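Enquirer: My questions all concern the structure below.
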Amino acid sequence: MAELAMAELTVERTYGEALWQAARETGKEELILEEGMGVLDILKKEPDLQSFINYPGLSAIEKKGVLKNIFEGRICTELLNFLYILVDKRRTVNYEGIIKAYRHLVEKEDGKVYGVVYSVEELSDERLAQIEEKTSDLLRTGVRLTNKIDPRLIAGVKVLVEGKIIDISYKKKFEDMASSLKKH
2 MAELAMAELT VERTYGEALW QAARETGKEE LILEEGMGVL DILKKEPDLQ
52 SFINYPGLSA IEKKGVLKNI FEGRICTELL NFLYILVDKR RTVNYEGIIK
102 AYRHLVEKED GKVYGVVYSV EELSDERLAQ IEEKTSDLLR TGVRLTNKID
152 PRLIAGVKVL VEGKIIDISY KKKFEDMASS LKKH
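Take the sequence shown: its position 182, counted from the start at 1, is 183 in the working numbering, and no numbers get skipped.
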């Protein structure tokens, strides 16, 4: 099972890097990132579309026709052609991971790292920016965070950036108190 997950990561990294290099050649790194994330949002909001393009029983021609009808003129030609390649290679199921790998490369090029801030409820843009700023100061590098909900935290936040965890949640504080009490 671990081998399968590792193979998926390799596929996602390989395709993400190929997209990044193509974007660099055309000078459209930010545009493709923005549009690629937009396509990802659409796929998440429209599970039927995602199931359609991932369904192995349909021909590549049918899938490309639908993608063309939906996205032609709405996203750049380079990204649409990349989607066609994913259809041809039967890699549409890896799209989310590929876009995340691509985003990582773009942000790394910009001198930024990215991570996730977990919270009990969605953070405001202002609060997210504050946490990004404090995390950037702490790690001495530019940090971009996405917010994910984790109701198990009780309150506070937990930040995960490039394998580093900054846990300032109440759940962690309670666990630390319980551990301290057990020692006495």
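For glycine and all other residues, C-beta sits at the position ideal for the given N, C-alpha and C.
Note that this is a predicted model, so its numbers are computed, not measured.
1. Using 8 Å as the Cβ pair cut-off and three pairs as the minimum, do the segment 128-140 and the segment 95-105 touch?
2. What's the C-alpha gap between GLY116 and LEU161?
3. Taking 8 Å as the limit between beta carbons, can you name the residues of its chain near GLU63, skipping five residues before and five after?
4. Does DSSP put ASP111 in a helix, in a strand, or in coil?
5. ILE99 to THR93, Cα distance in whole Å?
6. LEU68 and ILE54 look like a contact to me (Cβ under 8 Å); what is the Cβ gap, rounded to whole Å?
7. What do you get for ALA24, buried or exposed, if any count of 16 or more other CB atoms within 10 angstroms of its CB means buried?
8. For ILE132, report the span of its beta strand (DSSP E) as first-last.
9. So, helix, strand or coil for GLU47, using DSSP?
10. For ASN82, count neighbouring C-beta atoms within 10 Å of its own C-beta (all shown protein chains included) and say buried if the count is 16 or more, exposed if not.
11. Buried or exposed: where does SER125 fall if 16 or more other Cβ atoms within 10 Å of its Cβ makes it buried?
12. Please classify MET2: does DSSP put it in a helix, a strand, or coil?
13. Could you spell out the range, first to last residue, of the alpha helix (DSSP H) harbouring LEU154?
14. Give me the DSSP bridge partner(s) of ASP168.
15. Out of curiosity, what's the CA-to-CA distance linking LEU5 and THR11?
16. Quick check: LEU190 and LEU50, are their CB atoms within less than 8 Å of each other?
17. Does GLU186 come out as helix, strand or coil in the three-state DSSP assignment?
18. Drop a sphere of 10 angstroms on the beta-carbon of GLU110, count the other beta-carbons inside from all chains shown, and report buried for 16 or more, exposed for fewer.
19. Using only the alpha-carbon positions, how far apart do GLU13 and TYR96 sit?
Expert: With the given structure in hand:
1. no
2. 5 Å
3. none
4. coil
5. 9 Å
6. 7 Å
7. buried
8. Not the beta strand (DSSP E): ILE132 falls in the alpha helix (DSSP H), residues 126-140.
9. coil
10. exposed
11. exposed
12. With a pLDDT of only 48 at MET2, under the threshold of 50, the placement of this residue in the model should not be trusted, and no figure is reported.
13. Taken as a continuous stretch (DSSP letters only), LEU154 belongs to no alpha helix (DSSP H), as it is neither H nor E.
14. LYS159
15. Only weak support exists for where LEU5 lies, its pLDDT of 46 falling under 50; the value from the coordinates is given anyway. For LEU5 and THR11, the distance between alpha carbons rounds to 10 Å.
16. This structure leaves residue 190 out entirely; the chain is present only between 2 and 185.
17. Because residue 186 is not part of the residues shown, which for the chain are 2 to 185, the question remains open.
18. exposed
19. 8 Å
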